[in-house]
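S.K.: My questions all concern the structure below.
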Amino acid sequence: MSFHQNSVLAGACLALVWGSSVQANDLDEERRGSDIVVTGNRTDTSVPPAYPGGKVAAGARNGVLGNTETGKSPFSTSSYTEQFILDRQAKTASEALALDPSIRATQGVGAPFDSFYIRGYPVNEGTSGEIAFDGTFGVAPSFRIFTDYAERVEVLKGPSAAITGVSPNGGIGGTINIVPKRADAELTSFTFDFGSSLRAGVQGDVARRFGPGEAWGVRMIATVRDGDTPFDHQSERTALGALALDYQGGRVRAWLHLLTQTDRLVAPLRPYRAAAGIVIPNAPNGRSNPTQRWEYSNIDDYGGLFRMEYDATNEVTLFGATGVRRSDVDRYFASARAILNNRGDTTTSPQLYEMRIDTYTFEAGLRARFATGPIRHALVLQGSYYNEDTSRYLSPATTTYTSNLYNPSRALYKAPVELGYRPRLSDSALKGISVADTLSTLDERILLTIGARRQNIRANNYLANVGTLSASYDRSATTPFLGLVLRPAKGVSLYGNHVEGLSRGDVAPSLATNSGEILAPYLARQLEGGIKLDFGQIGGSISAFRITRQLGELGQDNVFAQTGEQRVQGLEFMAYGRVTSRLGILGGLTLLDGELTRTALSANKGNTPIGVPKVQFNFNVDWDLPVAAGLNLNAAVVHTGRQFVDAANRQELPAWTRLDLGVRQVVDVAQRRVTLRAAVSNVINHRYWTGVASFGTFFQGGPRTASLSASIDM
Numbered sequence: 003m004s005f006h007q008n009s010v011l012a013g014a015c016l017a018l019v020w021g022s023s024v025q026a027n028d029l030d031e032e033r034r035g036s037d038i039v040v041t042g043n044r045t046d047t048s049v050p051p052a053y054p055g056g057k058v059a060a061g062a063r064n065g066v067l068g069n070t071e072t073g074k075s076p077f078s079t080s081s082y083t084e085q086f087i088l089d090r091q092a093k094t095a096s097e098a099l100a101l102d103p104s105i106r107a108t109q110g111v112g113a114p115f116d117s118f119y120i121r122g123y124p125v126n127e128g129t130s131g132e133i134a135f136d137g138t139f140g141v142a143p144s145f146r147i148f149t150d151y152a153e154r155v156e157v158l159k160g161p162s163a164a165i166t167g168v169s170p171n172g173g174i175g176g177t178i179n180i181v182p183k184r185a186d187a188e189l190t191s192f193t194f195d196f197g198s199s200l201r202a203g204v205q206g207d208v209a210r211r212f213g214p215g216e217a218w219g220v221r222m223i224a225t226v227r228d229g230d231t232p233f234d235h236q237s238e239r240t241a242l243g244a245l246a247l248d249y250q251g252g253r254v255r256a257w258l259h260l261l262t263q264t265d266r267l268v269a270p271l272r273p274y275r276a277a278a279g280i281v282i283p284n285a286p287n288g289r290s291n292p293t294q295r296w297e298y299s300n301i302d303d304y305g306g307l308f309r310m311e312y313d314a315t316n317e318v319t320l321f322g323a324t325g326v327r328r329s330d331v332d333r334y335f336a337s338a339r340a341i342l343n344n345r346g347d348t349t350t351s352p353q354l355y356e357m358r359i360d361t362y363t364f365e366a367g368l369r370a371r372f373a374t375g376p377i378r379h380a381l382v383l384q385g386s387y388y389n390e391d392t393s394r395y396l397s398p399a400t401t402t403y404t405s406n407l408y409n410p411s412r413a414l415y416k417a418p419v420e421l422g423y424r425p426r427l428s429d430s431a432l433k434g435i436s437v438a439d440t441l442s443t444l445d446e447r448i449l450l451t452i453g454a455r456r457q458n459i460r461a462n463n464y465l466a467n468v469g470t471l472s473a474s475y476d477r478s479a480t481t482p483f484l485g486l487v488l489r490p491a492k493g494v495s496l497y498g499n500h501v502e503g504l505s506r507g508d509v510a511p512s513l514a515t516n517s518g519e520i521l522a523p524y525l526a527r528q529l530e531g532g533i534k535l536d537f538g539q540i541g542g543s544i545s546a547f548r549i550t551r552q553l554g555e556l557g558q559d560n561v562f563a564q565t566g567e568q569r570v571q572g573l574e575f576m577a578y579g580r581v582t583s584r585l586g587i588l589g590g591l592t593l594l595d596g597e598l599t600r601t602a603l604s605a606n607k608g609n610t611p612i613g614v615p616k617v618q619f620n621f622n623v624d625w626d627l628p629v630a631a632g633l634n635l636n637a638a639v640v641h642t643g644r645q646f647v648d649a650a651n652r653q654e655l656p657a658w659t660r661l662d663l664g665v666r667q668v669v670d671v672a673q674r675r676v677t678l679r680a681a682v683s684n685v686i687n688h689r690y691w692t693g694v695a696s697f698g699t700f701f702q703g704g705p706r707t708a709s710l711s712a713s714i715d716m
């Protein structure tokens, strides 16, 4: 589907939204914003309520364990609400997670992909769909997540294959989950946004409930944005549509989500790679963009998820879900540009990259609650299957141009070599069975969660641009998990966990003598303990963790093998809520200690792993001003310590600090609620490298950028 077709679809949805808003004027005003009363057990799928202050939720999804209150979870989680996303004017998942001290979005604004580091380990959305949608992989867009359809953006920190299943690319540091918007209450809203570089957008959002007992619900969201971005000669056009249907019966509940998303980016930003032996130059002006005007990225995503629950008895619920996704990619740019010297001279070799990714996924299981004497049980049994097929054509580089970080040059366009079709690149199937039981006693003052997942990974790789089988494997592993929560007093939870993660093994690179060989799945282990506090209006946590993970390395014998190991241990401090009725806070501090505990090259043993800083600090304050009703000011500080981009620790990115400011005003206009927002990110226009994007590449930070938006509730 072309951008024009998606724009037409989004426009049609906007028209439906407008028509619904007109019809809504005739409805009984007492129904506006009313709660939905539905019988049956919805505790596992209902969205946990927002914590005071509205920025984070009082619970999040814990994989197969379902939605769990923060104080009853043996894991470290964060759940950022729609209100927080709107107030930050965060357009993508990477922007929505910008204030989490455990996370760094290392490639986002100005790039066609999102990538993250969580607890010192990479989660690369740009490689495959690493972000779950309503707890299910293989539905959300493969490369970039827009927040227009997100009710919550959740993070389950640490290896989680045992409770979430293996993510498509095996992220270790944590799992990101998008909670989709649903028709929980009647709503008609329009939002208009405008960026400092003439990029404008409009969104329509409508929700209705109908039928006997308002058992049926529908929500439609449509967004179109177009214009220049803050980066030199870059422009972006996006269009997306989301449809959510649901049925909330007495014993039966069902949800259907459909997504379509188009992203057209001209002159996309690309990460850098430094030549060996040079000192990494200072970051350029944030607006600088060496990418040529004729380089582009076109990505179309289509996805759907159907989920259903049935209460067989008052204590037993059967559930199942099936999802699909298709991603089409057509892009012409270089994966990374090389920095040649300390002066900032660069060289770039663009390649045509055409790819199609098809996924489908199934899951089914049951939840049962029962007692054995004084012990209550919450038992979950789940089976899942994920299949992914990828076809790709990567052209040879037909042109190489030189430029400079501080004085970008222009190069002539040279057409790439086209093949006309996309040979098969890979296919994989991830199958697993999970069982978990949460045992509780003494009115849930003691909760013990035990479980395990038997995971099978089957993968086939094919010769690039040829399509003949080059390597394959079929491996299985069992990953257990154990979690304990002690609640000695109201608002105090002591917790600990041991959990394991599993990820697909790397493919030996072309330089290796065993090129094309697929290594066995990597195993990661986490030990974590801490305390969670909830004083009613303000909450927080202190966590200590240690994660170890195997690594594939190219040894001195030129054989690529699983000879390395990385360990990251750290302390996390989080605080959120309202200090007073007018003053809210959100943020924290993460201290990391990373070490290469085993390496093929003995000289690197004991060094700091790539992309792991010592310190990450985020803090946001918002203040409801007494001088005017509905007026709020907010300020955020984000700091990241220095990072190494090579295992030898000879090349580093300096520490950086960014300041963001914002203001929100809520007013009534003609009996309509209007919310006006203005924000400036990177107020001091600091020039910095955000951090390591992947495989030792690194990304530039954005310039000072202003954004405005106006939301009208009809």
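The sequence shown runs 3 to 716 under the working numbering. Ideal Cβ positions, reconstructed from N, Cα and C, are used throughout, including at glycine.
What's the call for Phe717, buried or exposed, on a 16-neighbour Cβ count within 10 Å?
M.R.: This structure gives no information on residue 717, because the portion of the chain shown stretches from 3 to 716.
S.K.: Under the three-state reduction of DSSP, which class applies to Ser191: helix, strand or coil?
M.R.: Taking the sequence shown and counting its residues from 1, the one referred to as residue 191 is at position 189. Strand at Ser191.
S.K.: Just list the beta strand (DSSP E) runs in the stretch 192-256, keeping only unbroken ones of 3 residues or longer that don't cross its boundaries, in chain order.
M.R.: 202-212, 218-230 and 237-250
S.K.: Hey, is the stretch 306-317 in contact with the stretch 328-343, meaning 3+ C-beta pairs nearer than 8 angstroms?
M.R.: no
S.K.: With contact counted as at least three CB pairs below 8 angstroms, one residue from each stretch, are the stretch 239-250 and the stretch 648-663 in contact?
M.R.: no
S.K.: Can you tell me where the beta strand (DSSP E) holding Ile280 begins and where it ends?
M.R.: Working through the sequence shown from its first residue, we reach residue 280 at position 278. Premise fails: Ile280 is in no beta strand (DSSP E) and is neither H nor E.
S.K.: Is it buried or exposed, Pro628, if we count other Cβ atoms within 10 angstroms and call 16 or more buried?
M.R.: Taking the first residue of the sequence shown as 1, we reach residue 628 at position 626. Per the 10 Å Cβ criterion, exposed.
S.K.: Is DSSP giving Thr262 helix, strand or coil here?
M.R.: For the purposes of this step, residue 262 is taken as residue 260 along the sequence shown, with counting starting at 1. Looking at Thr262 - three-state DSSP - the assignment turns out to be strand.
S.K.: Under 8 angstroms between the Cβ atoms of Lys416 and Thr401?
M.R.: Here residue 416 refers to the residue found at position 414 of the sequence shown. Here residue 401 refers to the residue found at position 399 of the sequence shown. Against a cut-off of 8 angstroms, the Cβ pair of Thr401 and Lys416 comes out as a contact.
S.K.: Return yes when the Cβ of Thr324 is within less than 8 angstroms of the Cβ of Phe372, no when it is not.
M.R.: By 1-based counting over the sequence shown, the position of residue 372 is 370. By 1-based counting over the sequence shown, the position of residue 324 is 322. No, they are not a contact pair.
S.K.: From the DSSP output, which residues share a beta bridge with Ser478?
M.R.: Counted from its first residue, the sequence shown places residue 478 at position 476. Its beta-bridge partners are Asn458.
S.K.: Whose CA, out of Ala708, Phe697 and Gly112, lies closest to the CA of Thr234?
M.R.: Within the sequence shown, numbered from 1, the residue matching residue 234 stands at position 232. A small correction: the amino acid at residue 234 is Asp; Thr does not occupy that position in the sequence shown. Considering only alpha carbons, the answer is Gly112.
S.K.: Which whole-angstrom value is the C-beta distance of Lys57 and Phe77, which I expect to be below 8 angstroms?
M.R.: For the purposes of this step, residue 57 is taken as the residue at position 55 of the sequence shown. For the purposes of this step, residue 77 is taken as the residue at position 75 of the sequence shown. With a Cβ gap of about 20 angstroms, Lys57 and Phe77 do not count as contacting.
S.K.: If I measure Cβ to Cβ from Gly698 and keep anything under 7 angstroms in the same chain, skipping five residues before and after, which residues do I get?
M.R.: Translated into positions along the sequence shown, residue 698 becomes position 696. Here the set comprises Arg275, Ile612, Val647 and Asp648.
S.K.: The beta strand (DSSP E) with Met702 in it runs from where to where?
M.R.: Residue numbering aside, residue 702 sits at position 700 when the sequence shown is read from its first letter. A small correction: the amino acid at residue 702 is Gln; Met does not occupy that position in the sequence shown. Run containing Gln702: Phe700 to Gln702, per the beta strand (DSSP E) assignment.
S.K.: Keeping to the same chain, check which residues put their C-beta closer than 7 angstroms to that of Leu471; ignore five residues upstream and five downstream.
M.R.: Counting from 1 along the sequence shown, the entry for residue 471 is found at position 469. By the criterion of a C-beta distance shorter than 7 angstroms, Leu471 is surrounded in its chain by Asn462 and Tyr464, once the five residues flanking it on both sides are discounted.
S.K.: How would you call Leu414, buried or exposed, if buried means at least 16 neighbouring beta carbons within 10 angstroms?
M.R.: Reading the sequence shown from its first residue, position 412 is the one you call residue 414. Under this definition Leu414 is an exposed residue.
S.K.: Nearest-angstrom Cα distance between Phe115 and Gly703?
M.R.: Locating residue 115 in the sequence shown gives position 113, where the first residue counts as 1. Locating residue 703 in the sequence shown gives position 701, where the first residue counts as 1. The straight-line gap from Cα to Cα measures roughly 15 angstroms.
S.K.: Would you tell me roughly how many angstroms separate the C-alpha atoms of Trp257 and Ala142, rounded to the nearest one?
M.R.: Reading the sequence shown from its first residue, position 255 is the one you call residue 257. Reading the sequence shown from its first residue, position 140 is the one you call residue 142. Cα to Cα, Trp257 sits roughly 16 angstroms from Ala142.
S.K.: Can you tell me which residues form a DSSP beta bridge with Arg689?
M.R.: For this step, residue 689 is matched to residue 687 along the sequence shown. Note: Arg689 sits in no beta bridge, so no partner.
S.K.: Quick one: what's got a C-beta closer than 6 angstroms to Gln673's C-beta in the same chain, skipping five residues either side?
M.R.: Counted from its first residue, the sequence shown places residue 673 at position 671. Within the same chain, Gln673 has no close Cβ partners at all.
S.K.: Would you report the Cα separation of Asp186 and Val623, rounded to the nearest angstrom?
M.R.: Taking the sequence shown and counting its residues from 1, the one referred to as residue 186 is at position 184. Taking the sequence shown and counting its residues from 1, the one referred to as residue 623 is at position 621. Answer to the nearest angstrom: the Cα atoms are 29 angstroms apart.
S.K.: Beta-carbon within less than 6 angstroms of Asn27's beta-carbon, same chain only, minus the 5 sequence neighbours each way: which residues are those?
M.R.: Residue numbering aside, residue 27 sits at position 25 when the sequence shown is read from its first letter. Confidence in Asn27 is poor, its pLDDT being 39 and thus under 50, which makes the residue's placement too unreliable to answer from.
S.K.: Looking at the structure shown, is Lys433 part of a helix, part of a strand, or coil, going by DSSP?
M.R.: Within the sequence shown, the letter at position 431 stands for residue 433. In this structure, Lys433 counts as strand in the three-state DSSP scheme.
S.K.: Within 10 angstroms of the Cβ of Asp559, are there 16 or more other Cβ atoms? Answer buried if so, exposed if not.
M.R.: Along the sequence shown, one-based indexing puts residue 559 at 557. Asp559 is exposed by the Cβ-count criterion.
S.K.: If we ignore side chains and look at the alpha-carbon of each, how far apart do Phe700 and Thr565 end up?
M.R.: Translated into the one-based positions of the sequence shown, residue 700 becomes position 698. Translated into the one-based positions of the sequence shown, residue 565 becomes position 563. The alpha-carbon atoms of Phe700 and Thr565 are separated by roughly 25 angstroms.
S.K.: Measure the alpha-carbon distance for Lys534 versus Gly493 and round it to whole angstroms.
M.R.: Counting from 1 along the sequence shown, the entry for residue 534 is found at position 532. Counting from 1 along the sequence shown, the entry for residue 493 is found at position 491. Cα to Cα, the separation comes out at about 8 angstroms.
S.K.: Less than 6 angstroms between C-beta atoms, sequence neighbours within five positions excluded: which residues of the same chain meet that for Ser23?
M.R.: Here residue 23 corresponds to residue number 21 of the sequence shown, with the count starting at 1. With a pLDDT of only 41 at Ser23, under the threshold of 50, the placement of this residue in the model should not be trusted; the figure read from the coordinates follows. Closer than 6 angstroms at Cβ, skipping near neighbours: Thr190 and Met716.
S.K.: Out of Ser162, Thr240 and Pro283, state which residue places its alpha-carbon closest to the alpha-carbon of Thr262.
M.R.: Along the sequence shown, read from residue 1 onward, the residue named residue 262 stands at position 260. Out of Ser162, Thr240 and Pro283, Thr240 has the C-alpha closest to the C-alpha of Thr262.
S.K.: Give me the Cβ distance between Gln568 and Thr592, rounded to the nearest whole Å; I'm assuming they're in contact under 8 angstroms.
M.R.: Locating residue 568 in the sequence shown gives position 566, where the first residue counts as 1. Locating residue 592 in the sequence shown gives position 590, where the first residue counts as 1. About 17 angstroms separates the two Cβ atoms, so there is no contact after all.
S.K.: Between the Cα of Tyr304 and those of Gln294, Ser711, Ile147 and Phe483, spot the shortest distance and give me the residue it belongs to.
M.R.: For the purposes of this step, residue 304 is taken as residue 302 along the sequence shown, with counting starting at 1. Nearest C-alpha to Tyr304: Ile147.
S.K.: Which residues in the same chain as Leu2 place their Cβ atom closer than 7 angstroms to its Cβ, once the five residues preceding and following it in sequence are excluded?
M.R.: An answer regarding residue 2 cannot be provided, because it is not within the stretch 3 to 716 covered by the chain.
S.K.: At the level of alpha carbons, what is the spacing between Arg412 and Ala285?
M.R.: Walking along the sequence shown from the start, residue 412 turns up at place 410. Walking along the sequence shown from the start, residue 285 turns up at place 283. The straight-line gap from Cα to Cα measures roughly 20 angstroms.
S.K.: For Ile120 versus Ser104, is the C-beta distance shorter than 8 angstroms?
M.R.: Counted from its first residue, the sequence shown places residue 120 at position 118. Counted from its first residue, the sequence shown places residue 104 at position 102. Contact flag set, yes.
S.K.: On the CB-based measure, 16 or more other CB atoms within 10 Å of its CB, does Thr361 come out buried or exposed?
M.R.: Stepping through the sequence shown from its first residue, residue 361 is reached at position 359. With 16 or more other Cβ atoms within 10 Å, it is buried.
S.K.: State the CB to CB distance for the pair Gly541 and Tyr578, rounded to an integer number of angstroms; the pair is presumed to be in contact (CB under 8 angstroms).
M.R.: Position 539 of the sequence shown, counted from the start, is the residue given in the question as residue 541. Position 576 of the sequence shown, counted from the start, is the residue given in the question as residue 578. That belief holds up - the Cβ atoms of Gly541 and Tyr578 are roughly 6 angstroms apart, short of 8 angstroms.
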